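Just so you know, the sequence shown maps onto residues 1 to 297 in the UniProt record's numbering.
Below: the structure, in structure tokens.
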Amino acid sequence: MAQQQIRLEYDSLPAVMPSYLRAATTLSGGLSTGQTIPDMVAELRGREVRAEPLAKYRKVCGFSHAHHLPVTYPHVLAFPMHMAVMTDKRFPLKLLGLIHVRNEITQHRSIGADETLDLEVAVGGHREVAKGVEFDLITRVRDHAGDLIWEETGTMLSRQKSSVSEADKKSAKKQSKTDALADAEHTNEWQVPADIGRRYAAAAGDYNPIHLSPWSAKLFGFPRAIATGMWTKARAAAALEPELTRDAYTLALAFKKPVFLPSRARFGYTLTEAGADFALTNTQGDILHLKGDVRYL
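Printed below as a string of structure tokens:
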């Protein structure tokens, strides 16, 4: 028998802080045998963009002022809905501890900063992988005419016991030590300050404690705070945006090793007819932080 869809409809954005409180007080979470993530959809119509938060986001991520939204900004607009879905009592996994492993954004056209947008966030089902279970958090943005203009798939990992074979687990652990930027046509160094997690949180509302301070990060097993993955993606997008010749494209990447704060990192890219290939490493080139590409539609 098909499982009934769970629908969450909002007249205004849900508050983020109650979601963090629910996340902090949820002590367990996991999928039991035969269980999966239920089919959940959250909707909000008529979302307007406020100028001040947008300006703050542009500044912290490196985007120049423009009449259109940064390609990663709709993620921020929908972030309170992400939190509400993943802290809903019917969502079976614990939010704190989830790892963002991949992210793919498709912008079908540039979005004006003055547009009113309809947002949809959906989740459901899972996949077993070497380190646990993965699921996709899908966000869709439509314009006033109902046309799909932006969509995102964020792939999340929940570490837990898995039925994936030992051979597959060993294969998943293998990682090349080759410098991912050895053939990059353009490279530059990023200075990643100690407070970038707090600054990004103030602009985007993402107050995950692993990004805020060494003390809060240590509670979750990290020696220091780490940069927010979606900040590194936005920073990469800001660096690439002036080089792109079209405004309809897919921007996809995989998050590899965390960027500890503070640190220096090396970003590089190569432009192609299809778009661009890019990566972020440490300054020595032997630690890969992220790797991705842009592909024109």
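For every residue, glycine included, the Cβ atom is placed at its ideal position computed from N, Cα and C.
Just so you know, these numbers come straight off a predicted model, no measurement behind them.
Apply the 10 Å Cβ neighbour rule to residue i and answer buried if 16 or more other Cβ atoms are within range, or exposed otherwise.
{"i": "residue 306", "result": "No answer is possible for residue 306: the residues shown for the chain start at 1 and end at 297."}
{"i": "P70", "result": "buried"}
{"i": "W190", "result": "buried"}
{"i": "T228", "result": "buried"}
{"i": "D206", "result": "buried"}
{"i": "A217", "result": "buried"}
{"i": "P209", "result": "buried"}
{"i": "F220", "result": "exposed"}
{"i": "G197", "result": "buried"}
{"i": "G280", "result": "Before going further, note that residue 280 is Leu rather than Gly in the sequence given. Classification for L280: buried."}
{"i": "residue 309", "result": "This structure does not reach residue 309, given that the chain is present from 1 up to 297, and the question cannot be answered."}
{"i": "M230", "result": "buried"}
{"i": "R58", "result": "buried"}
{"i": "R140", "result": "buried"}
{"i": "W215", "result": "exposed"}
Under 8 Å by Cβ, that's how I've got residue i and residue j pegged, so tell me the actual separation to the nearest angstrom.
{"i": "R159", "j": "A254", "result": "About 17 Å separates the two Cβ atoms, so there is no contact after all."}
{"i": "V294", "j": "L240", "result": "6 Å"}
{"i": "L31", "j": "V133", "result": "6 Å"}
{"i": "G154", "j": "H100", "result": "6 Å"}
{"i": "R47", "j": "L119", "result": "5 Å"}
By DSSP's criteria, residue i is part of a beta bridge. Which residues make up the other side?
{"i": "S263", "result": "V192"}
{"i": "A182", "result": "Paired residues: none, contrary to the question."}
{"i": "Q107", "result": "W150, Y249"}
{"i": "V129", "result": "G132"}
{"i": "residue 313", "result": "This structure does not reach residue 313, given that the chain is present from 1 up to 297, and the question cannot be answered."}
{"i": "V101", "result": "Partner(s): none; V101 has no beta bridge."}
{"i": "M156", "result": "H100, F135"}
{"i": "L119", "result": "L44, V141"}
{"i": "Y200", "result": "Y200 pairs with nothing; no bridge assigned."}
Compare the Cα-Cα distances from residue i to each of the options and report the closest residue.
{"i": "E152", "options": "I138, A203, R142", "result": "I138"}
{"i": "A51", "options": "A66, P38, S163", "result": "A66"}
{"i": "S12", "options": "R127, L117, L31", "result": "L117"}
{"i": "T272", "options": "F260, E243, Q5", "result": "E243"}
{"i": "S263", "options": "D147, L240, A194, P209", "result": "A194"}
{"i": "I105", "options": "Y73, R127, A84", "result": "Y73"}
{"i": "L44", "options": "K59, G62, V129, P14", "result": "P14"}
{"i": "H39", "options": "S162, V121, E185", "result": "Note on identity: in this sequence residue 39 is Asp, with His being the wrong assignment. If we check each option's Cα against that of D39, V121 comes out closest."}
{"i": "A236", "options": "K56, A252, L21, R22", "result": "A252"}
{"i": "K89", "options": "A55, T26, R127", "result": "T26"}
Less than 9 Å separating the beta-carbons of residue i and residue j?
{"i": "D136", "j": "M156", "result": "yes"}
{"i": "T250", "j": "H289", "result": "no"}
{"i": "residue 300", "j": "A238", "result": "Outside the shown range of the chain (1 to 297) lies residue 300, about which nothing can therefore be said."}
{"i": "F91", "j": "V123", "result": "yes"}
{"i": "A182", "j": "G34", "result": "no"}
{"i": "L95", "j": "T87", "result": "yes"}
{"i": "M81", "j": "L8", "result": "yes"}
{"i": "S162", "j": "K131", "result": "yes"}
{"i": "residue 301", "j": "I226", "result": "Coverage of the chain is limited to positions 1 through 297, which leaves residue 301 absent and any answer about it impossible."}
{"i": "R266", "j": "T245", "result": "no"}
{"i": "L98", "j": "I37", "result": "no"}
{"i": "Q4", "j": "V41", "result": "no"}
{"i": "Y269", "j": "H186", "result": "yes"}
{"i": "V49", "j": "A145", "result": "no"}
{"i": "P18", "j": "A203", "result": "no"}
{"i": "A184", "j": "C61", "result": "no"}
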